[in-house]
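Since the structure comes first, as structure tokens, the remarks are kept for the end.
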Amino acid sequence: MHLTHLRVNHLEQPLGYNLMNPCFSWIVSDTKSAVQENASLRVYCADDCIYDTGIVPGLDQRGTELPLQLEPRKKYRWQIGVWGDQGDYGEAEACFETGKMSEPWTGKWITAGEERNAILSREFFLASSPVSARVYITGIGLYRLFINGKPASDELLTPGLNAYDRWVQVQTFDLEGLLQKGENRMEIWLAGGISRGRFSFTKNEDYEYCPYDCAIAELHAETAEGEVIFGTDESWRWDSSPIVESSIYDGEVWDPGRKGKSGTVQLCSPPTGPLRDRLSPPVRVLMERKPLQVITTPRGETVLDMGQNMVGWLRFRDRAPQGRILRLQYGEQLEKGCFSRANLRTAKAAFEWKSDGAGRWAQPFFTWFGFRYVLLEGFDVPVDPEDFTGCVVSSALEETGSITTGHEGLNRLIENVRWSQRGNFLDVPTDCPQRDEREGWTGDAQVFADTACYQMDCAAFFTKYLADMLEEQQKAGGCVPYVVPFARNRSRGFEGGAVGWGDAASVIPWTLWQHYGDLSLLRRQLPNMREWMEWVAAQDDWPKACRHFGDWLALDRPEEPKERVGKTDIGFLCLCYAWLTAKRTAQAAELLGEKDLAQRANALAACYRNKAQKTWFSGDGELLCRTQTACVLALHLRLAPDLDRTRELLRALIREAGHLTTGFLGTPWLLAELPSRDAWDLLLREEYPSWLYEVKLGATTIWERWNSLTPDGCFSETGMNSLNHYAYGSVAAWLYGYMSGIRSLDDAPGFRRFRWEPLPDPRGGFAKCSLRSPFGEIRSEWQFEETGLSLQLTVPFGSEAEAQLPDGRQMLLGPGVHSFHIPSGAR
Ligand code: BGC
975 MHLTHLRVNH LEQPLGYNLM NPCFSWIVSD TKSAVQENAS LRVYCADDCI
1025 YDTGIVPGLD QRGTELPLQL EPRKKYRWQI GVWGDQGDYG EAEACFETGK
1075 MSEPWTGKWI TAGEERNAIL SREFFLASSP VSARVYITGI GLYRLFINGK
1125 PASDELLTPG LNAYDRWVQV QTFDLEGLLQ KGENRMEIWL AGGISRGRFS
1175 FTKNEDYEYC PYDCAIAELH AETAEGEVIF GTDESWRWDS SPIVESSIYD
1225 GEVWDPGRKG KSGTVQLCSP PTGPLRDRLS PPVRVLMERK PLQVITTPRG
1275 ETVLDMGQNM VGWLRFRDRA PQGRILRLQY GEQLEKGCFS RANLRTAKAA
1325 FEWKSDGAGR WAQPFFTWFG FRYVLLEGFD VPVDPEDFTG CVVSSALEET
1375 GSITTGHEGL NRLIENVRWS QRGNFLDVPT DCPQRDEREG WTGDAQVFAD
1425 TACYQMDCAA FFTKYLADML EEQQKAGGCV PYVVPFARNR SRGFEGGAVG
1475 WGDAASVIPW TLWQHYGDLS LLRRQLPNMR EWMEWVAAQD DWPKACRHFG
1525 DWLALDRPEE PKERVGKTDI GFLCLCYAWL TAKRTAQAAE LLGEKDLAQR
1575 ANALAACYRN KAQKTWFSGD GELLCRTQTA CVLALHLRLA PDLDRTRELL
1625 RALIREAGHL TTGFLGTPWL LAELPSRDAW DLLLREEYPS WLYEVKLGAT
1675 TIWERWNSLT PDGCFSETGM NSLNHYAYGS VAAWLYGYMS GIRSLDDAPG
1725 FRRFRWEPLP DPRGGFAKCS LRSPFGEIRS EWQFEETGLS LQLTVPFGSE
1775 AEAQLPDGRQ MLLGPGVHSF HIPSGAR
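The numbering of the sequence shown is this note's numbering, which starts it at 975 and goes up by one.
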């Protein structure tokens, strides 16, 4: 028996994270046993056992919370032992280490004042090389730490992007191998990030959490002479950095030869929230790519084609003479063969570098770009592609799901969804990575959450997003802002409350519950759900209470092609989502034993349901809001009194239009509400509008709109056309959950028991799906062969499947591999 994937709060060996009540999880494999009969979990601090569960049944693999009293800056070890039902045994061990928790700081906030993008530094002496060393550090807006000229970590965009007015995330780094006996030097590079400067629909610099850049750090080194503590204080100095300008939207301007200014730092107390140990999983360069080709365009431009729409930047070799300006402009598409940045709106998305003639490698530090093509200016041509490396930057999350089918276009679509998640899961789930937006739009995150959790382990990632959301809700009487974090913006007040967007507060926690089955996640997020539900309940007229986006970008108003809000009535959407939020809150409250809340939420849900049925259905059950999305919601939420009739209406509306017309809110559940054949028809359609239309036009990520590009490869005239926007990628949840048939069940979440009901279609040829669930790998495969249809399911240890085969057979399947054959003609 092997024990793997030992996690604390869904993090591997977390260092310096805010663990609150630590929650332990593990996966069992390579065993003849089917279930865990007993387990024991022990936690040690140094050699002291601080917690021992004893040998007990019922320790939950998906998440066992222990009431530990953790201390700051301490290393803990934990051991898990598992006895299987066949008498075999396995054990494993892992570590975690706390950060500063609520311990007071000896380090002080320091700043270079007016000087932007400064480097703060200080030398210090160590009498001997330390045995171990940690640094606790944060900075506003963004920082990077160097010790003796080397990066202290490979993490990027630290301290993360969140509501700094409410809390600032502190990172802990292990400085092993970086410090030495004698003189040492600590350098903190700073930039504005989302804290100051242009961000979020502003044309000028009126967007800020803090008007100056600042940092605080505290280093603890264990040496032969004892503990040495060294922190930021008034004895530090600052220097101008080579970064002349840095902006999320516009990119960076570097002058490595610049003669800058310097001075002594000032102490400061930034107008930000309290320091708290981090929640964000790290952002890193996940992979590197070489350019696919160098293109000379009809305009004579030199353009690198990365062969993939990606997020991050290029690192390149500067071979220019001193003083020459090299410029890289980032774009997503060639129009008529030429470089285009027509869809970036006001974002300059460029990197400018003034050569110092030293032959350096250059790259930006505190920004990112969404691009496939890079326009090179100032470079000697022909350029050598070997001088350029694409750095793919993303939150480093474990990829848990994969699907391959016998259909090439479908495989590309699946890859595109994955690339859009990679590119837009950049500490915050962003709408898009390239134009002047790149924000944590709640609606987009909500519709994509299910897909996201199939593709990657998102528990820790969404935990941070939802913690930030709750901070925002507490500022706004429970209301959820349109975007999280909702940074302060002097010219615009609070904006939030939209139907389907604010409901991220209930939908995402429930999605996490379905995928991970860890009650501690739901407990942490119950306040998000409750506060949002109460805010909605307190509105006299929710449809009129704020600006709504409705079924965003739906195609059901052909007579008004510029209109972005779909035709589905906002009043109808409000009742649907008010019901969904109340229902999920009630379910969560019941699970957590919050009886009063459950009762209140159930009563609200019943009232919304009644109202929806009275207002939006005729006496004999006909849906009065006649759009595809209205049908999908009425079906999926089981609000329609007559499901068959509503399904027939949906099919009729699709036939009438000749295609799907759904926007952000209808698309995620559309295929699931159709008979399998109809779903496959829509899935495999290649003409506009469809998922494969964009694949056919060469898309390598998911587009914002069904028609972001016209068939000639040019941006459509609709305005607002991101080519990397994951919302319509929500179709992947259907591929995992229906095509391959793996669906978590609400009464046994985290795939403790799951439904296996694949929907094979000969047009797909075969589908092989692998999902690393909290119990281990689930594999679902089907394949059309000459003699019929073969199916296979692998159920991991600790899990079981309610199988529903295409020939009607039903059965319960335990751990192991199960194969089936359905002869041709038997279905
Ligand atoms: C974003 C969306 C977002 C929407 C709200 C757009 O600008 O890119 O994806 O959800 O605004 O309607």
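Positions of the beta carbon are idealized from the N, C-alpha and C atoms, including for glycine. Predicted model, so just to flag it, every value in this text is computed and none were measured.
Check: Note down, one range per segment and in chain order, each beta strand (DSSP E) of at least 3 residues found wholly within the segment 1468–1549.; Outcome: none
Check: For a test of the three-state rule: what should DSSP assign to N1317, helix, strand or coil?; Outcome: helix
Check: Go ahead and pull the three-state DSSP assignment for Q1043.; Outcome: coil
Check: To the nearest angstrom, how far is the alpha carbon of A1198 from that of L1100?; Outcome: 10 Å
Check: In angstroms, rounded to a whole number, what distance separates the CA positions of Y1181 and F1728?; Outcome: 46 Å
Check: If you count every other CB in all the chains shown that lies within 10 Å of the CB of Q1143, and 16 or more means buried, which is it?; Outcome: buried
Check: Does DSSP put M994 in a helix, in a strand, or in coil?; Outcome: coil
Check: Buried or exposed, going by whether 16 or more other CB atoms sit within 10 Å of the CB of C1023?; Outcome: exposed
Check: According to DSSP, which residues form a beta bridge with L1765?; Outcome: W1756 and F1794
Check: So S1106 packs on E1150, CB below 8 Å; how close in whole Å?; Outcome: 7 Å
Check: Are D1525 and T1636 close, meaning C-beta to C-beta below 8 Å?; Outcome: yes
Check: Determine the closest residue to P926 out of N1283, R1047, C1520 and S1682, with distance taken between C-alpha atoms.; Outcome: In the structure displayed, the chain extends from 975 to 1801; residue 926 sits before or after that span and is not available.
Check: Name the one or two DSSP bridge partners that L1624 has.; Outcome: L1624 pairs with nothing; no bridge assigned.
Check: Contact defined as beta carbons within less than 8 Å: I believe G1037 pairs with D1492. What is the distance between those atoms, to the nearest angstrom?; Outcome: 3 Å
Check: Cβ of A1419 versus every heavy atom of ligand 1: is any distance shorter than 7 Å?; Outcome: no
Check: Let's test the definition: count the other Cβ atoms within 10 Å of the Cβ of Q1561 and tell me whether it reaches 16, buried, or not, exposed.; Outcome: buried
Check: Would E1226 be called buried (16 or more neighbouring beta carbons within 10 Å of its own) or exposed?; Outcome: buried
Check: For a quick check, are the C-beta atoms of E1599 and F1546 less than 8 Å apart?; Outcome: The amino acid at residue 1599 is misidentified as Glu; the sequence shows Cys. Cβ atoms of C1599 and F1546: closer than 8 Å.
Check: Tell me the DSSP secondary structure of E1360 in three-state form.; Outcome: helix
Check: Is the segment 1446–1453 close to the segment 1389–1406, with three or more CB pairs under 8 Å?; Outcome: no
Check: Using the Cβ count rule (16 or more neighbours within 10 Å means buried), how would you classify E922?; Outcome: The structure shown does not extend to residue 922, since the chain is modelled only from 975 through 1801, so no value can be given for it.
Check: First and last residue of the beta strand (DSSP E) that includes Q1053?; Outcome: K1049 to G1058
Check: Count the other CB atoms within 10 Å of the CB of E1382; is the residue buried (16 or more) or exposed (fewer)?; Outcome: exposed
Check: Looking at the strands, I want to know which residues DSSP matches up with Q1448.; Outcome: BP columns for Q1448 are empty, so no partner.
Check: Relative to the C-alpha of I1222, which residue among V1277, L1135, F1340 and W1212 is closest?; Outcome: F1340
Check: Taking 7 Å as the cut-off, is the CB of M1075 close to at least one heavy atom of ligand 1?; Outcome: no
Check: Give me, in chain order, the residues of the same chain whose beta-carbon lies closer than 7 Å to that of C1432; leave out the 5 immediate sequence neighbours on both sides.; Outcome: L1371 and A1426
Check: Can you name the start and end residues of the beta strand (DSSP E) that K1328 belongs to?; Outcome: A1324 to K1328
Check: Quick one: is A1086 buried, meaning 16 or more other Cβ sit within 10 Å of its Cβ, or exposed?; Outcome: buried
Check: Where DSSP assigns a beta bridge to C1023, which residues make up the other side?; Outcome: Y1018
Check: Using the three-state DSSP reduction, which class does A1068 fall into: helix, strand or coil?; Outcome: strand
Check: How long is the line joining the alpha carbons of L1400 and G1799, rounded to whole angstroms?; Outcome: 49 Å
Check: For I1217 versus T1206, is the C-beta spacing smaller than 8 Å?; Outcome: no
Check: Ligand 1 and W1415: does any heavy atom of the ligand fall closer than 7 Å to the residue's C-beta?; Outcome: yes
Check: Could you check where the beta strand (DSSP E) with Q955 kicks off and where it finishes?; Outcome: The structure shown does not extend to residue 955, since the chain spans only 975 to 1801, so no value can be given for it.
Check: Could you tell me if the beta carbon of M1443 falls within a distance shorter than 7 Å of some heavy atom in ligand 1?; Outcome: no
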